[in-house]
């Protein structure tokens, strides 16, 4: 038995959290990190013990036949960490499990307990912030592991596995490889698709009005907009039906362009006067302190951070003791936090900016859990952002600044404003001017909330009008006729999607970032971005249609929110999980519905439904989206969008055309489709004939732009070659096309080794190559024209930083990795800067300055990446001499077969050419 050190072992999730806690606990404690979960469901059947691999449920990793019992495994990459924790436990007198106090954190503690099987007393240590006071209090108020939270997390994990694996398998077979479904993911994609459908169905309407500029008696400008003429109201955008483009009300004055211009000319010579001045005072109160969702929304609006980037910065701030726990949907603050915020208002802004009473905020979010505080600066006195500028990295500083201001503002006085409306009449026309003035800034001195709607944000800003009185005469200085077009509903941004999911009770604070990361993953191809707008692909339309028409419950918003409700009930030990899982997966047993209303409603019978739908779903029908039939032109057949294996394309009878990569679905109307099909038909006419092969050369347009094709489409020996980046398709000649088809060009032999040099046009630009040595061509040198001399000069130059050359680190840290004991450095990779310790690679969050990154943050990134089981360099397996010999023999045989086939092909080609020449001579 190992000798006790008399210390207590404390286990947390991350190395950063371990370092921070160690500062407060002293020498009687040893703090170690689990680096996330140490056990999980197997990813694939092959990871299961051999005796279980033949079970029908083995692919799930959940024994659905015996009470949905999960099979938990310690992944291979976690064995080293588990051993480290076991070794530490041997010398401890007490074990404290100090993981986060939420479902995931509670589950990590439970798995640690199950895996380590400690023989010393175990206590659960929980806190919402990492400060000396919080840790001290937590040590005095330890508790047992909350079985309800653990069961809720386990049920959620099993539910996601059943849903994700079975439905994703069906999508792979009926939509295409790479598609997947998820309990929250599929609902989020549906929201984005529905918004795009609204935009596609939207009918624009155009209307006219007049912007007037009037001159007051004090010689000040007063801008106003025409609102009515002779008692008839001039419409605004909200007066038109989005589906028809027609007015929703009768009696509106719809002016044509000519009528508007004539009216503007008449009104220029008209005398005007102020008919009414209305002043309405109002108050604006500060927003509640941040929840996870509102923090992500504001960071997106104000800082341009994506959800993942926000949560990465927040995680670092929490683990290093700067803010409270960052996964929460509570808007409440502790008494100490309120006192700290109110003290700061007095000291920073003055007594008049402090609200007379303590402000208390209540969450309005469906399914909100009030266990934690809102997100705020840690401690009983909040450190100012400026005092931390030198300690924090850029993203962390900017986010802390946002959190600090929002927290302080929540205890400040209301902003006092007044809205002024001025009516101006003359010549039967009425103009209206509106303005807003701030009488007392109140909380606005500290914080102004952002908006998803720039126009609304602009409208809320202060707009001052000159002082005018009723009956005051005004002269018309300018009359500008303006036409307006109604706009479709705005696409979702990360901020607005997060808000909508939260409002509908879908997902949890801890899941929003991962949901957005999943649906925007390029490999799935569901959602891409233009600026901050989230645009669904046609593949997303395809998947959403399958889900809506065949698994409608699984993408129903209320149904998904009720699943979250049920998980909350499990966490409170109000209901059991097994009956719910039984009905969800297998349906009603013997046709008898469940007694519980929610369980009965959620009795999907997923397993049987997936099996039935596999044969029932018509893959072609689900992947076809009709656009309509042209009323003019030679071709009047129906045009449809088809989602194919290699992307979406247009189909009209026998005609096909690619859809340009990145074109939003709402831009692909019937007119645009006809244009693309016509362009595709032009591509069917050859631009000429290759002088040597006598095969036709076509200029075609694919998903990724124009390219040339040598030979007919059904020619097994046809060749494709993309145009060079600086080439214009309109300027392409047969001579240029032939030069492109010569790529890769053999320029001659390299004198240093007498090996051939070739010129290529590669994915990352043109280059020359000799054996394994490559050099990129300068911007002004084309692979079509590069000479042998130029290539030799380039190849003799030292290799620049590239994929094959060792890279100088952007930053090399002095300390070694605590895990691998290797150098920790930041390198510049193909997809951006990344940190490595020799075994694990982790990309830096977007927007992070590599030179500013601290050693602690670098280690945290590596630990986080390691915990997810990714980013490790693959070790090459040593092959036995016997295998090598077999491989060599096989390779030799393969080479001989290939040589024989090439010879046969060349003989056949020669015979065909001879026959063609003979025929031509005869003619």
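In the numbering used here, the protein residues as written are 9 to 931. Ideal placement from N, C-alpha and C gives every residue a C-beta, glycine not left out.
Contacts around residue i, its chain only, beta-carbon distance under 6 angstroms, and the 5 residues preceding and following it disregarded
i           : result
residue 696 : 705, 742
residue 182 : 625, 627
residue 833 : 817, 820
residue 345 : 384
residue 796 : 755, 756
residue 113 : 107
residue 240 : 261
Residue burial classification, residue i (beta-carbon count within 10 angstroms, cutoff 16)
i            : result
residue 629  : exposed
residue 308  : buried
residue 1004 : Residue 1004 cannot be examined here, being either before or after the span of the chain that is shown, 9 to 931.
residue 492  : exposed
residue 193  : buried
residue 290  : exposed
residue 568  : buried
residue 127  : exposed
residue 217  : buried
residue 44   : buried
residue 301  : buried
residue 483  : exposed
residue 197  : buried
residue 933  : What is shown of the chain runs 9 to 931, which leaves residue 933 out entirely.
residue 772  : exposed
residue 366  : exposed
residue 118  : buried
residue 178  : buried
residue 389  : exposed
residue 14   : exposed
Residue-level contact to chain C via CB, residue i, 9 angstroms cutoff
i           : result
residue 773 : Chain labels in this structure do not include chain C; a single protein chain is all it has.
Cβ shell of residue i (< 8 angstroms), same chain only, five flanking positions each side left out
i           : result
residue 405 : 393, 396, 397
residue 531 : 186
residue 657 : 649, 650, 664, 665, 666, 667
residue 508 : 199, 500
residue 173 : 67, 68
residue 477 : 282, 285
residue 898 : Residue confidence is low: residue 898 scores 48 on pLDDT, short of 50, so the model does not pin down where it sits. Its coordinate-derived value is still stated next. Correct list: empty, nothing qualifies.
residue 226 : 474, 475
Beta-bridge pairing of residue i - partner residues as DSSP gives them
i           : result
residue 100 : 15
residue 522 : DSSP lists no partner for residue 522.
residue 351 : DSSP, once it has assigned bridges, lists no residue as partnering residue 351.
residue 248 : 255
residue 853 : None; residue 853 has no bridge partner.
residue 656 : 651
residue 729 : 716
residue 837 : 840
residue 200 : Note: residue 200 sits in no beta bridge, so no partner.
residue 218 : 489
Proximal residues to residue i (C-beta, below 7 angstroms), its chain only, five neighbours per side dropped
i           : result
residue 715 : 708, 728, 729, 730, 731
residue 135 : 142, 143, 146
residue 471 : 443, 444
Every unbroken alpha helix (DSSP H) inside the region 739–775 [4 residues or more]
742–749
Which whole runs of the beta strand (DSSP E) in the region 268–321 are 3 residues long or more, in chain order?
279–292
Give the list of continuous alpha helix (DSSP H) stretches no shorter than 4 residues that lie fully inside the region 576–645.
586–594, 605–609, 614–624, 627–630
Would the region 340–352 count as touching the region 427–440 if we require 3 or more Cβ pairs under 8 angstroms?
no
Count the C-beta pairs between the region 100–111 and the region 11–25 that are closer than 8 angstroms, then say yes if the count reaches three, no if not.
yes
If we require 3 or more residues per run, which beta strand (DSSP E) segments fall completely within the region 531–585?
535–538, 541–544
4-residue-minimum alpha helix (DSSP H) runs that sit fully inside the region 785–830, ordered along the chain:
796–804
List in chain order: all unbroken alpha helix (DSSP H) runs of 4+ residues lying wholly within the region 363–409.
393–396
Check whether the region 227–244 touches the region 430–438, counting contact only when three or more Cβ pairs, one atom from each stretch, lie closer than 8 angstroms.
yes
Looking at C-beta atoms only, is the number of pairs between the region 608–625 and the region 549–563 that lie closer than 8 angstroms three or more?
yes
Let me know the beta strand (DSSP E) ranges lying completely inside the region 102–144, each 3 residues or longer, listed in chain order.
Taking only runs of at least 3 residues, the beta strand (DSSP E) segments lying wholly in the region 102–144 are 130–132.
Contact between the region 77–93 and the region 48–58: three or more CB pairs below 8 angstroms?
yes
The region 854–867 in contact with the region 22–29 per 3-pair CB rule at 8 angstroms:
yes
Counting pairs of Cβ atoms below 8 angstroms between the region 382–392 and the region 330–340, do you hit three or more?
yes
Tell me whether the region 603–622 and the region 155–163 touch, counting them as touching only if at least three CB pairs, one residue from each stretch, are closer than 8 angstroms.
Contact fails: fewer than three Cβ-Cβ distances are below 8 angstroms.
Mind the definition here: the region 521–530 touches the region 312–328 only if three or more C-beta pairs lie below 8 angstroms; say whether that holds.
yes
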